[in-house]
Structures are given as structure tokens and as C-alpha cells.
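Residue numbers (my numbering), protein chains in the order written: chain R, 365 to 711; chain L, 365 to 711; chain B, 365 to 711; chain H, 365 to 711.
Just so you know, even glycine gets a beta-carbon here, dropped at the ideal spot from N, CA and C.
Single-structure report; data block below.
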């Protein structure tokens, strides 16, 4: 079975496992006070060229996002997200469980727009009662988005400007940041300049697990560790996360993983397009949303795996994801199989 | 200044104040253990013909709604409301402050539709991740709605059926229930048959303050008092609320207040319509949403007060609300003033 | 039945009811934007001689305390209280419902001591894990305390000093502040100088209900109204609270109520002491805790009411509370009844 | 440096790392829907001889405990713990962050007693206001305790009986369960019979991380997964936890780890006792609390590591913990070093 279901289907990148095994006789202090966490932190600070940044590696994406809401927002402050945002429809109300509202906006191709923000930050739209309304405070974006698109530097710069004008924080969920860093014009340094906080995703980019929260805005740094610990986000064995990010941040491994994911995705995308298969929200990232006829999918099913998004009588929107482990041969096998079925169909 | 701004602009209905004054030498036990609270409770049970109902008078609407969410829902369960629902845009995120998500739907004329409910209760719409999604559990409606409409018995019956099919609770915010009881075909007994819980609003219907929560579904009754107390919803002087609801529920005072509100609103509505003024979401309740030219409003401003909903260069949508204290002469004065200005304008 | 059960057993002080009745034809804007709330606010600012204070009248004590916790503390910050503190054992976990821990200390005669504070603010006591522990942040006291004692100016000054040294807030629950202002050397101005925030209790001092939160520390003022509204603490008919505090704060009514409460309590206390009845935590406030033999109590029961604190085979600790409405004759009647029974017993 | 600081200082037991490496080419479905999680679940069910148990492997102890509070308790229900309980003083208020109070009791040698429970479950102790008080609902214990002791089967049986009588849940934190299973007379099957829920700790017993929540009481099972996901407790790569618990639960690895920890601890304990060093709360588990003179500790410091609990001018209470990796030679080296210093001191 060749799987394009997800980028979190395998244990970890071999280099990560190798380093964990190498260090298995080492004894480390707990709660991120170890040297590997410090090295990882310094590597990240150096990559973003900001020595004042606060870095804390947490475990899981949902947890990272809810800790951001708990730590950054006061009780009456809300987060703004597109409807397809992970915090809105894939986290069972994690943000609300910390007491904060998610204000949802439509967005375009999975991305929040300035018009979206204007609408919810004007009193007129968000009710007419002024002080009786929720206070929008933090813009949540993800890079790449849930629908496989990414923000350009120009788009992020405009959102940043809006946030400055309206006193909002900008927070970026980087669960799939490796892919975005490879195909967008937004670098890690740009993210650090444009966001108040963001996280560098490990789980979907070769780590066993781990998401490195990077806080730029001084106001948001104070006592972050306490709140992360309170919500169960701090591993006693924090050095495990330190070792992994030390590995990912060294020798450009993170960047190489992003590059490989996208290369495999492009191969897949171009192959599908040549076969006249419709791509939704086409982009250069490692997620492909394609509409394929049910006849073909029925024939692929015993050899390949994917995620179904939407299905109709004739065709189905599926999601294909590539990862650090995706092989060229696997992609070719998928394309060739469809090609064969299409030829047979024609006959 | 003649005010149509709201139905909570005055101290209280004279009968309420009279009874409070009459009983001012009485000493009563605290925390709703007094005879007036018991009498009020029994009057309500008798009106809804349900001796097993649990009744607890709370203080304020926002508080009542948030206590309902806290007491009725488990952490992963969400409330469904139309976008104009009070819990969504007039309570600064009160529901979320208890940890629960508000799922919003478009609605029609301020009312939730079966199509709305189908959409958010199907896995397909609300993300495609099954167990990763929020669990819709309680339908929030208000009678009357925030835009001045009301549900018919047929509409409520269909919503009830949907709730039964999908395992949802139906909860009704009755902040302006007196008006609805007068003009809709839904009686208090119907509400008690169709809802799992609802509240009978006092604040906007002649009381100083007070909202009587009525719980029908046995599952939702247990320890409600504890949770209400925890959230600051239980007055030590609970007898004050008891005396007021004893008053409102006696001699059909509540019903008479609803009737008067609607009578004055109808007078106002028909007067406006005769002057060809556009009414939005026309209904028979005590809230009127009308579009009036800015020229006219400028001239009315020094004599009358209203709430502005939306304004454009030419005209403005305003809200006019009648209350137990609104006088026929006040309504006529408003209509006549507009009429005069319109005649002058023509010349 | 003559009742010493509580100071919240009656509707309200006649002057409060009179003013509400007088203003019953007035229409007022909602949500504390009315002139009475402004006048009340200014009267309070003037009494505390601090024109920068932020004043917001809320409804109930439990609610006021939980809003203080929600608004003043970040998620990992805890409140410190004596074990007998209202927030710890009379509010069903209201503080915890906002996500904050109550750290409890023993105290002395219901009052927190510097030794208590030192113990919980040193790493050694509160676990030895530093960053893994809760962060003590707000000292909660009440004036008068739950056991009828009060803090002196010297005691409050020392607590303030400790708070300054350790970066803590000092918050005072003034549910029974009128009594304390009369018998302690702590004035309203002192409270405003020594506390970061405190509330002036209305409910137990002649109002129908209402507690005036006074915030002195600028850091704690921002957006307080939002959070109070979110938790259901803001009355749409806020002018009702404004009218009542305008009344209480005028013509020294609040001070007179405190004086009367204490005068009646002293009469009662001295009477009991003359009869050799043991007083617990003796003080000058309007709460008396006395140990009376069960034989006597059995005889008093059909004519007088009190609250039972603790009971043994022989005797019972009871609480007697005086209020604005307590009459000299009622006190004398109680003392005389005991005196008679005691004389008969001897024979 | 030989470390007795903790049992979570190393990457993982070699067998765990070996199995992760072996399976590194396998693709698994996400969110615990993989075969390894199923096998691990079945192994646990089989060990506790309860096929109806619900098992879900979570990531970290603090998280596991807070999810238990969130999922098992209604808002007004509190958890009871000894003062030294992990949830009380090592989790930054994690339980309170879910809205629930921790009622603390003194305990004896780190264990909750029936007298403790009686005190807080009687109205008289926990305030005298009945319905105004918190509702004690879940007894939290840990096996082994934070001070290195363990409950006997007789003690647990009595606590269970109390819980049955008072309608309480019994929940056991098994962070160090391997050690307890080896030295106490309480088996996994006993735990499953006596508790409503408990967790089998992985992090401190050879896993990278992972805690297997086992729910016995049917009432507590419903929708547990949702709430665990909402709080960030569900790994997308859940199979990582499945593989680890499959490993620990196979071939008695978990039992062997507990046996080894205790054997090393006993060696250490007996060695210290022979040198007349005082042991606090002596037990048979893998934590030793000993009082050693500061002179000796100063000499040990450059070769050995431990945790300091309390220190005075002369001596210090230290904690020594053994783990799956502790070697006999390391223990002997520690004992011998002390022995040498003691001999020198004498001279």
C-alpha cells in the first residue's frame, strides 16, 4: 500500500532516530533545562536572526495553539481565523476550552484577507453594541494553510500593517512550515519580523513530535513556561524535543525536508495535470487537492491510500500529501496507474 | 424626550415596586429558600402544567445563558446559534468563557432553520475529521429573536423533532418572552413541552431584574443550583426575585405586559407603514426595525430617542422598542412628527 | 420572630426604596451609562480622594470576587486566602471556575498574617520545583472577615509592604465594609491607598443588591467592563445600582448604617458578656459568635432566629448578625430572655 | 557523573528504541487508529482482566490528570488530594485551569486517610453552608506517592468503600506504577477493581513518553477521546505511543522495569541504613528520601547527582531515584563513597 494520506504516518526521519539512539546513554536534566534544548533554541534564534526571541519546544499542534490562546489573550479577547483554520474545525473547541472565542471569517483559498479583518474589526459588523461585544485581538494564520496554499511576503506584510493599526497580535501556526519555507518567498527571518509569535512544526516534518514556539513580542514572553506547564505542554523529558530540533535545525535538515516534500508534490501535481485532472487551490506546497472520478478511485483503492474530502455521485475531491519519506517511484506508480485506467476507459 | 430605545430603561412596573415596598418589613431566609420564591416557582409550574419542572430565578440574561452552557454541556459540547443570537454577539464571549464553542449559522429573519441544523450536524460540513470536531449539542433560540421575529409552534415542533433525532437539547432564551406569548401561537405550556429548558425574562418585562430558568429535561436538573451559585447567579436576597416573579405571574400581569407592549408596537408599526416607511423583518412583537431618511431623523432627534442599527448617506435603519410604560400619546406623537416632516418635505 | 440570622434578610433600607420609587418614571440609558451611576462613581471617588480610581458597580459578592480573579490574574496566577475566606468555602469554587487556584493559609482570627504569606511565597514551602509551581499573585482579604474580626491600619500597612516586596496585588472584599469603617481605624481613603482594588458592599448594608468595585492600580483597570459583562456582572438596568449607591453614598447613609449595625451589635455583645456567655473572636463588628448552652437555645428557638456554626452535646456556637433594621428592643428582648432562663436554671 | 536525580533522565529503554527503529518504515493511520495502539489496548485489558475497560494512551502526566478532571467532573465538583499530591503542587494549577477545585488534606506519609476523607466530606468541616459549598467528587491518589510510599490493598479497599458510601470517584495517578506493582500487594487487576479510572505511567518507566489512561467506570467513558483531543492530549502520531506500550506490556517488560528499579533502590536503601543514615518515609519503592550531613554531600557533589528537598545548617534531605538504567555499580559507588567519607570523618 502506497500512502499519500498524511505527513505524520511514520515514526520519524532516520537522522532523528539515529541521534536519539546515539544519545540514549546520556542523562539529562528535566523540563527543557538540558543542553540539547539550549542548542536547539540557539539554532532557531540564529536562523531568525533574533537573539531576544523566546523559544520553547512543546509537544503537539493543538496543544501549542491552545497554550498560545491561554498565554497571549485576556479573557475577553478573541482570536480571528478563517473557517478552514485548524483551531476552528479540527481541535474540538480547544481555543474555546481556554475561554476564548474564535471569530471566523470566510477567507480566500484558505487565507485571511484584509477585507475579512476590516469586517470583524469594525463595530458595525460585529454587532452594534460597542462594549458588549467581544474584542478581536489575535489573528491566527497557518503557513501553509489547511487547503495547501501559502501566504506571500506581500500578503503577510499587509496583514502585519493591519494588526499594527488595530492593535492585534499576529500568530502563525507552522505545522507545515517546512513546505512553506521552500516554496514561498517568506523566510524564517521574515516570519520573525512580521509575527508576534509563530511555531516551527516538527511533527509533520520528520520529528517524532514537537513544535517549537517562537515568541518575538516581548509582551507575550512573560511566564509563558508556567502556562505551558499548566496545560500539559512541557515534557519532563524535554531533552527529547531538544535533541530532535537540534537535529532538524542542523545541516539544513528542516529545509531539505521541505524541499523534498514539495519536489514530490510537484511531481505528483504535474503528473495529475497532464492527465487533465482538476486541482483545487493549486499551489506549490506538499498538499494536493484533486477531483478524480469515482471509477478511477475504485481501481486505485487496493494499492494507494489518500484522504477523502468530499464525494459526489461521479467524482471525489481527495487530498494527497507528500512527506520526507515519499519516494519518486511511489508518485510515478500513482500517476501511471491513473494513466492506465484512463487509457482503458477511453478504449 | 420620548424614548423607544429599549424595554429596560425604567425602574420597574408600579405593581412590582408596590409589592417590594409592602413587604419591606418582612425578614426572609436567603438563597431562594423563602416563601415568595416558592410561590413564584409554583405559579410557573402551574402555568406550564408541569409539576416536575425545576425553576430557579437568576438575575441577568447573559448570566442565565452562561450558566445554562456551564450546567448543561460537557466540555466538548457546543451550542448552535444564529449569527444574530444574543449569546454570539452581545455577551463578550460569555459562552466561550465557560469553555464552550458557539457554532453560528446564518438563519432566516433571525430564526434558526432545519437546513442550518442539518448543515452543522453532518460530519461533512463541520470538517471531515469526525472525532476531531466539536460536538454540536444544544440549540439556542430566543423567543422573540434579536431582530424582532418569533418562532411559530410549527417551527418549534420541527426543531424539537430534529433535536430528538440528533440527540440535541433545545434551550430558549426568553428575555422578551412576554411579547412572544402575546403574538405567537406558542404558549408557555408549549415551550415546556418543546424545550429542554427555557427562561422567562423579567428584566425586559417589568421587573427590576430577574430571569426565571425553567428546566424540563430531568438530565439537566441535577445540581443546577450549585453551578448557578458558582457563577454568581444566586442572590443572597433571592426573595427579591421571588417577590417580583410572584407579582408578574399573578393576575396575568406578565401576559398583560406582553399585550400592552405589542399593542403599542402595532400602533407604531401601522403608523409607520401608512407613511410608507419600510419595516425590516416585519412581525407583531415589541421591536420594530425601520428605515427612515436621515433628514427626518435629524428633525426627530431633539424630541425622540431610538437605537441606530445601520446608517448610510441617505437613510438609517433604526430600532424602536415599546415597553410596559409606553403610552399611546408617545406613539402618536412620534408618528405625527414624521407625518408633519414628510408633508413639509413634499412642499 | 426576631431574627439575627443575617444582614441580608430584608428588601432594602427605606431611603433606597424611596429613591427608587421617586425615580420610577425616569428613563435611563443602559449598562451603567446613566447619570446616577456617574454620580455614585463620583461620590465614591470623592470619598476615597482618588479621582483616577475606576468604579464599576456589580451585582453580587460571589460574582464580584470571580470577576476580580478573571480580570486581574493571568492563568497561572493564584489568589491567597485564609481558610475561612468567602472565596474558599462559600462560593462553590467560583474562583477555580475562572481557572485560578486559591492557595489557603491558616490565618489568625480569620485574618491573614505576614507569616502565612511568607510561607506560601517561598519556594521551599510551596513545593521545591520552582517553575512547576503555581505563582501566588493576589492576596484576598475581607474587611470585616467571615469570623467578625477586622484588620487594623497597621496590619494592612504591613500586608501592603509584603505585597510590594513580592509583587502581589492586595484585593479586599468589602461585603461588610460599613461595619468595619465604623469600628476600625481604616478609612475608605486608607483602603484606596493600601489596596490595588476593593469593593464597597451594598447588599449587606441596606441596598437591594449591588457591590461597587473600586480599582486603584492602573494595571488592573483596562477593559474591566468587558470582563464584567462577559461574566454576567453588568446589569442592563445599571442605573438601578447607580441610584442605590447614589443613595448610600449621600448624606453619610453608608456610614450611619455601619454605625447602627455596630451599636446594636455592641449592645448585644455586652449583654451576653454580662451573662457570662463566651464570645469567640470578640470584636466590635456586627457579627457575634457566641457559645450558648443547648438548654437555653431550645427555649429561645420559638421567638428568635440565628445561624448555627457548630454544635456539641452541651452547647452550640451560634452567629448573631445585626443590620440597619435591628432594633434596640429586639436586642434587649434577646438578652432578657436569656437572662430569665439563666435565673430559672439556677433555681 | 552518576545521577540519582530522576527516573526520566534518559531517552528510553533500549527495547523501546529498538522497536521504534524496527517499525520506522511502516505507515500507520493517525490518532490512535493504528494496530499498535489496538494491541497495546488489548494487552492492558488482558492484564487487568476487564474487556470492557476503555484505554487511551495520552502523552504526559500533568496533561493526563487535567484531562481526567475535565472529562470526569462537572463544574461544581472538586478533586480531593493530599497536600503533597502532584496535582496540587507540581502542576501550576492544572486542575484549576479546567475550572475544578483541589481540596487538600494532610494525609499520612503522602497517603490520604479515611479520616481525611470524612473531614472534607462532612458539611460541618467544609463550611456550614450546605449548597453554597463545593461538592467533593473525585479522590485523587498516586501509586507510588510523591514521597515514595504506596497504598496497600487493604488501604485501597477502605478508600473504595468510602467512595462508594459517599458517591465519589477514585482516580489513581500511576506515574510510578511499575515500582508499586513490584513492591505492593496491589496488582493491576486490583487497581481495575478498586478504581474508577487510573493511568499506567510510561514516561518514568522506560518509555520516551506516554501514559495509558484506563477507565473502568462506564459513566466516565463517554466521549473521553473528544475531551482528550480538545486539551491537546491526543497525538496525531498516536501509533508512537501504541508501539511503546505494546513493548512495555509484552514479555513482562513493565514488571521487569519495576522490579529492577526497586532492586536498585533496596540496595541503595540498605546500604544507607547500614551507614546509619536516616531514611524518611521508608518504603520499598524506587524513591529514597534520606538525611545526609552537608559535609558529606559537599564531597559527593562532584561525582553524584540528586535532588535536594530541604536543607538546614548541618544536614540536608535529599531524594534519590533509581530507574530501569540504574546500575549496581553506580549504587555501590555511592554507598562506598559515603562510607569512605564517614571513616575519614571519624579519624
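*alpha helix (DSSP H) containing residue 619 of chain R: first to last residue?*
Its alpha helix (DSSP H) spans residues 617-638.
*Neighbourhood of residue 442 of chain B by C-beta distance below 8 Å, restricted to the same chain and skipping five residues each side*: So the qualifying residues of the chain are 464, 465, 466, 467, 498, 499, 500, 501, 502.
*asked:* I need the DSSP call for residue 573 of chain L, collapsed to helix, strand or coil.
replied: Note: residue 573 of chain L maps to coil in three-state DSSP.
*Beta-carbon of residue 629 of chain L versus every beta-carbon of chain B: anything under 7 Å?*
No, residue 629 of chain L does not count as interfacial toward chain B.
*In terms of residues, what are the limits of the alpha helix (DSSP H) holding residue 423 of chain B?*
Note, residue 423 of chain B: premise wrong, no alpha helix (DSSP H); not H, not E.
*asked:* Need the endpoints of the beta strand (DSSP E) that residue 506 of chain R sits in, please.
replied: Residue 506 of chain R -> beta strand (DSSP E) spans 499-506.
*Any idea what DSSP makes of residue 683 of chain L, helix, strand or coil?*
Strand, per DSSP.
*Delimiting residues of the beta strand (DSSP E) encompassing residue 537 of chain L*: For residue 537 of chain L, the enclosing beta strand (DSSP E) has its first and last residue at 533-537.
*From the DSSP output, read off the bridge partner residues of residue 475 of chain H.*
In the DSSP assignment, residue 475 of chain H forms a beta bridge with H:472.
*Take residue 392 of chain L as the anchor and find which of B:670, B:602, B:437 has the nearest alpha-carbon.*
The closest CA to that of residue 392 of chain L, considering only B:670, B:602, B:437, is found on B:670.
*Touch check for the stretch 366-375 of chain L and the stretch 595-606 of chain L: three-plus C-beta pairs under 8 Å?*
Flag = no, the stretch 366-375 of chain L and the stretch 595-606 of chain L do not touch.
*asked:* Please list the terminal residues of the continuous alpha helix (DSSP H) segment that includes residue 403 of chain R.
replied: For residue 403 of chain R, the enclosing alpha helix (DSSP H) covers residues 399-412.
*asked:* Which of the three DSSP states is assigned to residue 492 of chain H in this structure?
replied: Note that residue 492 of chain H scores a pLDDT of 48, beneath 50, so its modelled location is shaky; the value from the coordinates is reported in the next line. Three-state DSSP puts residue 492 of chain H in coil, outside helix and strand.
*Give a yes or no on whether 7 Å exceeds the smallest Cβ distance from residue 596 of chain B to chain L.*
Residue 596 of chain B counts as touching chain L.
_Taking 7 Å as the threshold (beta carbon to beta carbon), is residue 424 of chain H in contact with chain R?_
Among the residues facing chain R, residue 424 of chain H is included, as its CB has a counterpart in that chain under 7 Å away.
*Partners in chain H for residue 591 of chain L, counting only beta-carbon separations shorter than 7 Å*: Chain H residues near residue 591 of chain L: 439, 440.
*With 9 Å as the limit, tell me which residues of the stretch 517-536 of chain R have their beta carbon closer than that to any beta carbon of chain H; keep them in chain order.*
Within the stretch 517-536 of chain R, contact with chain H at the beta-carbon level (separation under 9 Å) is assigned to no residue.
*asked:* With a threshold of 7 Å between beta-carbons, can residue 434 of chain L be considered close to chain H, or not?
replied: By the rule that beta-carbons nearer than 7 Å mark a contact, residue 434 of chain L touches chain H.
*Please classify residue 602 of chain H: does DSSP put it in a helix, a strand, or coil?*
Helix at residue 602 of chain H.
_Can you list, in chain order, the residues of its chain with a C-beta nearer than 8 Å to that of residue 600 of chain H? Leave out the 5 residues immediately preceding and following it._
So the qualifying residues of the chain are 394, 395.
_Short-range partners of chain H found in the stretch 366-383 of chain R, where Cβ spacing is below 8 Å_ = Within the stretch 366-383 of chain R, the residues whose Cβ lies closer than 8 Å to some Cβ of chain H are 367, 369, 370, 372, 373, 374, 375, 376, 378, 381, listed in chain order.
*Would you call the CB atoms of residue 413 of chain R and residue 553 of chain R closer than 7 Å?*
Yes, they are a contact pair.
*Could you tell me the boundaries of the beta strand (DSSP E) in which residue 442 of chain R lies?*
441-446 is the extent of the beta strand (DSSP E) around residue 442 of chain R.
*Check distances from the C-beta atoms of the stretch 381-413 of chain R to those of chain H and list, in chain order, the residues that come in under 8 Å.*
Among the residues of the stretch 381-413 of chain R, those with a Cβ less than 8 Å away from any Cβ of chain H are 381, 384, 385, 387, 388, 389, 390, 391, 392, 393, 394, in the order of the chain.
*Output the distance between the C-alpha atoms of residue 444 of chain B and residue 365 of chain L, rounded to the nearest integer angstrom.*
Here the alpha carbons of residue 365 of chain L and residue 444 of chain B stand approximately 50 Å from one another.
*What does residue 496 of chain B touch in chain R if you count any residue whose Cβ is under 8 Å from its own?*
Neighbours of residue 496 of chain B on chain R, chain order: 395, 593.
*Mind checking if residue 601 of chain L is an interface residue toward chain B, Cβ cutoff 7 Å exclusive?*
Residue contact with chain B for residue 601 of chain L: present (Cβ-Cβ distance below 7 Å to some residue of chain B).
*Looking only at C-alpha atoms, which of B:530, B:507, B:512 sits nearest to residue 519 of chain B?*
Taking only the C-alpha atoms, the option nearest residue 519 of chain B is B:507.
*Would you say residue 566 of chain B reaches chain L, if we count a Cβ-Cβ gap shorter than 7 Å as a contact?*
Judged by the 7 Å Cβ criterion, residue 566 of chain B is not in contact with chain L.
*On the three-state DSSP scale, how would you describe residue 376 of chain B?*
For residue 376 of chain B, the secondary structure class from DSSP, reduced to helix, strand or coil, is coil.
*Name the chain H residues that come within less than 7 Å of residue 460 of chain B, Cβ to Cβ?*
By Cβ distance, chain H contributes 460, 463, 464, 465.
*is_contact[residue 456 of chain R, chain H] using C-beta, thresh 7 Å*: Interface with chain H (7 Å Cβ-Cβ cutoff): residue 456 of chain R is included.
*Can you tell which of R:662, R:426, R:402, R:424 has the C-alpha that lies nearest to the C-alpha of residue 415 of chain R?*
With respect to the C-alpha of residue 415 of chain R, the residue from R:662, R:426, R:402, R:424 having the closest C-alpha is R:402.
_For residue 365 of chain B, three-class secondary structure by DSSP_ = Residue 365 of chain B: coil per DSSP, three-state reduction.
*Run through DSSP, which three-state label would residue 590 of chain H get?*
DSSP, read as helix, strand or coil, puts residue 590 of chain H in helix.
*Going by CA-CA distance only, name the one from R:676, R:700, R:655 that's closest to residue 683 of chain R.*
Of the residues R:676, R:700, R:655, the one whose Cα lies closest to the Cα of residue 683 of chain R is R:655.
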